[in-house]
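Chains as they are written, first to last, in the working numbering: chain D, 23 to 142; chain U, 23 to 142.
Every residue, glycine too, gets a C-beta built ideally from N, C-alpha and C.
Since the model is a prediction, treat every value here as computed from it, not as a measurement.
Contents: one structure, followed by commentary.
There are 2 protein chains.
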Amino acid sequence: MKKEKIAPVCEVEIVDEKKVAQAQKKIADTDQVLEMAEIFKLLGEPTRLKIVLSLINSELCVCDLAAAVDSNVSTVSHQLRLLRNARLVKYRKDGKMVFYSIDDKHINDAIEKIKEHTEE
Amino acid sequence: MKKEKIAPVCEVEIVDEKKVAQAQKKIADTDQVLEMAEIFKLLGEPTRLKIVLSLINSELCVCDLAAAVDSNVSTVSHQLRLLRNARLVKYRKDGKMVFYSIDDKHINDAIEKIKEHTEE
DNA sequence: ATAACATTTGCACATATGTGCAAATGTAAT
DNA sequence: ATTACATTTGCACATATGTGCAAATGTTAT
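Quick look at the structure:
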């Protein structure tokens, strides 16, 4: 007589409980994990990464930024908003122009966060 | 008499050509930029980031990985494929089980790449 | 007030993508 | 050969998201 398939897919069972517990410790702080993911995600899009890289040496206005990354002002402005919200870039207004630059503090914080997790 | 609007949006004109050229230099190597973005994107998704963080201390089989990141085997396997393709993780087969671990070489390469761009 | 122009934003659309079910694959044991 | 089980994969679906046009906003100058 055939036995019923009880667990068609490994779903509930754990093979090495210790290792699993150890792994879970690494990702226990959900907020921090999500924050890290958010930063990675922002840098994980070519246009946004180009923007950030372009700003490493000097501040640029939106217009020049669009030229540098070979896109258009609207698209760049949309992406700048996301980078601004995450504090990866900051801005300075001068008349009609707006100059964006890297928010060193937050970028460095982000890098620190990465290192913490990879260097222990 | 009203003048015609010639440039309703700053599109073609460049304000500071020097700075733009300098910025373009930073992103001249398109392949490298895309490769960096690809790595960031992979780490920019909570499930995948959790997987990578879980693997920092020790290798885990797919089943335990699913338990650790509180997901299911199918989803984790899908994401592992992406991480595998990018060489962020490697694997070792043992009977029916497959143990995944961080591909230190490539992770370190990735971190180096980030540092290069941010520390000059 | 009107014009010019840099930037932002609302909207819509096409595309990418994370997810999980169900089936397939692969492996070990009986 | 058959059973059991870990993993992978094909598929479909819901959702997220990058993009650019057109309009709105804000600022300077005439």
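Item                                                                                                                                                             : Value
Considering only C-alpha positions, which residue in the set U:N107, U:E81, U:S76 is nearest to U:S9?                                                            : Outside the shown range of chain U, which is 23 to 142, sits residue 9 of chain U, and nothing can be said about it.
Please state the DSSP three-state secondary structure of D:K137.                                                                                                 : helix
At a CB distance below 7 Å, what residues from the segment 49 to 60 of chain D approach chain U? Give them in sequence order.                                    : I49, V55, L56, M58, A59
Can you give me the C-alpha to C-alpha distance between D:M23 and D:V37, rounded to a whole angstrom?                                                            : Any reading at D:M23 is ruled out, since the residue's pLDDT is 36, under 50, leaving its predicted position unreliable.
Over the uninterrupted beta strand (DSSP E) stretch that includes U:K47, give me the two end residues.                                                           : Counting along the chain, U:K47 falls outside any beta strand (DSSP E), though it belongs to the alpha helix (DSSP H) covering 39 to 48.
With distances taken Cα to Cα, identify the nearest neighbour of D:C47 among U:V84, U:K72, U:K47.                                                                : The displayed chain sequence assigns Lys, not Cys, to residue 47 of chain D. Comparing Cα-Cα distances from D:K47 to each of U:V84, U:K72, U:K47, the minimum goes to U:K72.
Given a threshold of 16 other Cβ atoms within 10 Å of its Cβ, counted over all protein chains shown, does U:E35 qualify as buried or as exposed?                 : exposed
Give me the DSSP bridge partner(s) of D:I124.                                                                                                                    : D:V111
Looking only at its chain, what residues have a beta carbon closer than 6 Å to the beta carbon of U:N130, apart from the 5 residues adjacent to it on each side? : none
Could you tell me whether the segment 88 to 103 of chain D touches the segment 50 to 58 of chain U, where touching means 3 or more Cβ pairs closer than 8 Å?     : no
List the residues of chain U whose Cβ lies closer than 9 Å to the Cβ of D:N79, in chain order.                                                                   : K41, Q44, A45, K47, K48, E142
Between U:E81 and U:R114, how many whole angstroms is the CB-CB distance? I'm expecting something under 8 Å.                                                     : 7 Å
Specify the secondary structure class of D:L77 as computed by DSSP and reduced to three states.                                                                  : coil
Could you tell me the boundaries of the alpha helix (DSSP H) in which U:D53 lies?                                                                                : 52 to 65
Under 8 Å between the Cβ atoms of U:I78 and U:I124?                                                                                                              : yes
In chain D, which residues lie with their C-beta within 8 Å of the C-beta of U:S76?                                                                              : A45, Q46, K48, I49
Round the Cβ separation of U:V120 and U:V84 to the nearest angstrom and send it over; I've been treating them as touching at under 8 Å.                          : 6 Å
Within 10 Å of its beta-carbon, does D:K137 have 16 or more other beta-carbons around it, so buried, or fewer, so exposed?                                       : exposed
What's the gap between the Cα of U:L105 and the Cα of D:A89?                                                                                                     : 33 Å
Could you give the DSSP three-state label for U:K27: helix, strand or coil?                                                                                      : Confidence is the limiting factor: at U:K27 the pLDDT is only 45, short of 50, which leaves the residue's position unreliable and the question unanswerable from this model.
Compare the C-alpha of D:V95 against each of D:K135, D:D116, D:N107, D:T69 and name the closest.                                                                 : D:T69
Please name the residue, chosen from D:K40, D:I133, D:K118, that lies closest to U:L87 on a Cα-to-Cα basis.                                                      : D:K40
Any beta carbon from chain D within less than 8 Å of U:A90's own beta carbon?                                                                                    : yes
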